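S.K.: Following the numbering used here, the numbering of the sequence shown begins with 918 at its first residue and continues without gaps. What follows is a structure written as structure tokens; I'll ask about it next.
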Amino acid sequence: MTNEDEISVLLRESAVGWLEGRDVTASLRGQLDVPRPVNRAQWGEMADMGWLALMLPEDLGGSGLGLPEACVLAELFGRKLVAEPFVPSVVIPSTLIAACTGEGRSMLARALAGGERVLTFAHPASPSGGAVTLSGSAISGSLESVPAIEDDGFLLVVAQDAAGKAAIVAVDAASPGIHIEKAAAGAGASLSRVRFQEATILFGGALLSGDGASAATAAAVDAGRVAVAAQLAGCAAEVLEKTIAYVGGRQQFERTIGSFQTVQHRCVDLHIGVMLARSSIRYAARVKESAERTMAAAAAKARAGEMALKAGRTAVQLHGAMGFTEEVDIGHYLRSALHLSSWLGTPTVLRRHFLSERRALESAHV
């Protein structure tokens, strides 16, 4: 067993112990349409466990671990529907902060690692997702579908400067000139529409600008996609286990429905899909070269997203009418899969992105 494997085993054991006995779905019942704030008590516990600093460089007080280790936690959080925003507020900000050079880097790292402030990533996820411009020390514009904004949190915003170059800036969510409209998403998550009207940025300037900012943003998005894919794989795996347990006990025509061959085949198909998704995630988490990394991340999230949706819908069908009720956990897992599979790119969008990147890579080698 390698040192990396040992670390992953220890992380898994600590997370399983922390999650044991927590009934997350109980807190979701009756609150599906309410955008919920981050549970700061649990966020503090995650900080104490060292998980918030997992991917921060050691010179910034972090553990200096990478995406493979983050995916270990992400899959377990997906299994238990942990609503705390591990990917948008830990994985992506850590990747950005590690790449930044500007003033404020150390302060943001301390705030993230200690859990004092919840950081979140804000960028135009699509051409229709809005845009933000940087002029001097203020930003203006709007963004859609920004996750996990806390009233006292920090936003890491990808903006365009006067020269049309990318710039990564930090703003305080409570600053004047920032207007936030929150909406509920799946499994306790929230998404927000954000408008910036000459909102003053922190530290007086960009954390990173130009080609460096573009590269850091691409790396952060890729890392986010892989970690979300791990969450989706965990979600699908848990749904499959719950469904197998249910069909193994449900009686119909004086037989358990799990004894019917068609039901068994559907469960086997889901199991194969989960295994393939995990394989894609493991590969994507270890790729370093940028072009290959982007394709691997897109493929992993597309496969995991499609698999989680298939698992959720199949589980609802096999549970019968009960699968549509709030009292049964399966519906919450399907809602989580719907939310996570669309954030940072739907399976269809990511497949197109994969093909575009592959064509560009092939053209470069002609």
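Glycine included, every Cβ here is placed at the ideal spot set by N, Cα and C. Note that the structure is predicted; figures quoted are calculated from it, not measured.
Sorted by chain position, which residues of the same chain lie with C-beta nearer than 8 Å to histidine 1236's C-beta, five sequence neighbours on each side aside?
M.R.: Within the same chain, histidine 1236 has close Cβ partners Thr1160, Tyr1163, Val1245 and Ile1247.
S.K.: Whose CA, out of Cys988, Val1185 and Gly978, lies closest to the CA of arginine 1199?
M.R.: Arginine 1199 has its Cα closest to that of Cys988, out of Cys988, Val1185 and Gly978.
S.K.: Using 8 Å as the threshold, is the C-beta distance between valine 1063 and serine 1109 below it?
M.R.: Contact: yes.
S.K.: Let me know the secondary structure DSSP gives aspartate 1068 once reduced to three states.
M.R.: It is coil, neither helix nor strand.
S.K.: Going along the chain, which residues of its own chain have a beta-carbon closer than 6 Å to the beta-carbon of alanine 1194, five neighbours each way excluded?
M.R.: Cβ within range, chain order: Ala1150, Arg1220, Ala1221 and Met1224.
S.K.: Assign methionine 1239 to one of two classes, buried (16 or more other C-beta atoms within 10 Å of its C-beta) or exposed (fewer than that).
M.R.: Exposed: under 16 other Cβ atoms inside 10 Å.
S.K.: Classify valine 926: buried if its beta carbon has 16 or more other beta carbons within 10 angstroms, exposed otherwise.
M.R.: Classification for valine 926: exposed.
S.K.: Taking Cβ positions, are glycine 1127 and alanine 1087 nearer each other than 8 Å?
M.R.: No. Outside cutoff.
S.K.: Would you check if there are 3 or more beta carbon pairs closer than 8 Å linking the segment 1181-1189 to the segment 1224-1234?
M.R.: They touch, by the three-pair rule.
S.K.: Just list the residues that DSSP pairs glutamate 1098 with in beta bridges.
M.R.: Paired residues: Arg1110.
S.K.: Going by DSSP, what residue range makes up the alpha helix (DSSP H) through threonine 1211?
M.R.: Run containing threonine 1211: 1207-1236, per the alpha helix (DSSP H) assignment.
S.K.: With valine 1086 as the anchor, note down where its beta strand (DSSP E) starts and where it stops.
M.R.: Start and end: 1083-1089.
S.K.: I'd like to know whether the C-beta atoms of leucine 998 and histidine 1249 end up nearer to each other than 8 Å.
M.R.: Result yes, Cβ atoms of leucine 998 and histidine 1249 sit closer than 8 Å.
S.K.: Does the separation of the CB atoms of methionine 972 and glycine 983 fall below 8 Å?
M.R.: Yes. Within cutoff.
S.K.: Would you call proline 1264 buried or exposed, if buried means 16 or more other Cβ atoms sit within 10 Å of its Cβ?
M.R.: Classification for proline 1264: buried.
S.K.: Any idea which residues DSSP pairs isoleucine 1161 with across the strands?
M.R.: DSSP output for isoleucine 1161 lists no bridge partner at all.
S.K.: Compare the Cα-Cα distances from glutamate 1001 to each of Arg953, Gly979, Leu977 and Leu1025 and report the closest residue.
M.R.: The shortest C-alpha separation from glutamate 1001 is found at Arg953.
S.K.: Classify proline 1022 as buried or exposed, calling it buried when 16 or more other Cβ atoms lie within 10 Å of its own Cβ.
M.R.: As written in the sequence, residue 1022 is arginine, which differs from the proline given in the question. Looking at its Cβ environment, which holds 16 or more other Cβ atoms inside 10 Å, arginine 1022 is buried.
S.K.: Per DSSP, phenylalanine 1038 is paired with what?
M.R.: Leu1073, per the DSSP bridge assignment.
S.K.: For asparagine 1063, which of helix, strand or coil comes out of DSSP?
M.R.: The sequence given here has valine at residue 1063, not asparagine. In the structure shown, valine 1063 sits in a strand (DSSP, three-state: E or B).
S.K.: Pull up the distance between the alpha-carbon of serine 1057 and that of leucine 1072, whole angstroms please.
M.R.: Their Cα atoms are separated by approximately 14 Å.
S.K.: Quick one: give me the first and last residue of the alpha helix (DSSP H) that glycine 1122 is part of.
M.R.: Taken as a continuous stretch (DSSP letters only), glycine 1122 belongs to no alpha helix (DSSP H), as it is neither H nor E.
S.K.: Going by DSSP, what residues sit across from glutamine 1169 in a beta bridge?
M.R.: BP columns for glutamine 1169 point to Arg1172.
S.K.: Helix, strand or coil: how does DSSP classify leucine 977 here?
M.R.: Correct three-state label for leucine 977: helix.
S.K.: Nearest to lysine 1099 by CA position, among Pro1041, Val1204, Ile924 and Leu1060, is which residue?
M.R.: Among Pro1041, Val1204, Ile924 and Leu1060, the Cα nearest to that of lysine 1099 belongs to Leu1060.
S.K.: On a Cα-Cα basis, can you pick out the residue from Asp1068, Ala1123 and Leu1025 that is closest to serine 1054?
M.R.: Ranking Asp1068, Ala1123 and Leu1025 by Cα distance to serine 1054 puts Ala1123 first.
S.K.: Give me, in chain order, the residues of the same chain whose beta-carbon lies closer than 8 Å to that of alanine 1091; leave out the 5 immediate sequence neighbours on both sides.
M.R.: Closer than 8 Å at the Cβ level, and outside the excluded window around alanine 1091, lie Asp1068 and Asp1069.
S.K.: Quick check: alanine 1026 and arginine 1142, are their CB atoms within less than 8 Å of each other?
M.R.: No, these two residues do not count as a Cβ contact at 8 Å.
S.K.: Here's the rule: buried if 16 or more other CB atoms are within 10 angstroms of the residue's CB, otherwise exposed. What is histidine 1040?
M.R.: Buried, by the Cβ-count rule.
S.K.: Helix, strand or coil for valine 1286 per DSSP?
M.R.: With the chain covering 918 to 1283 only, the question about residue 1286 has no answer from this structure.
S.K.: Any idea which residues DSSP pairs valine 1049 with across the strands?
M.R.: Partner(s): Gly1058.
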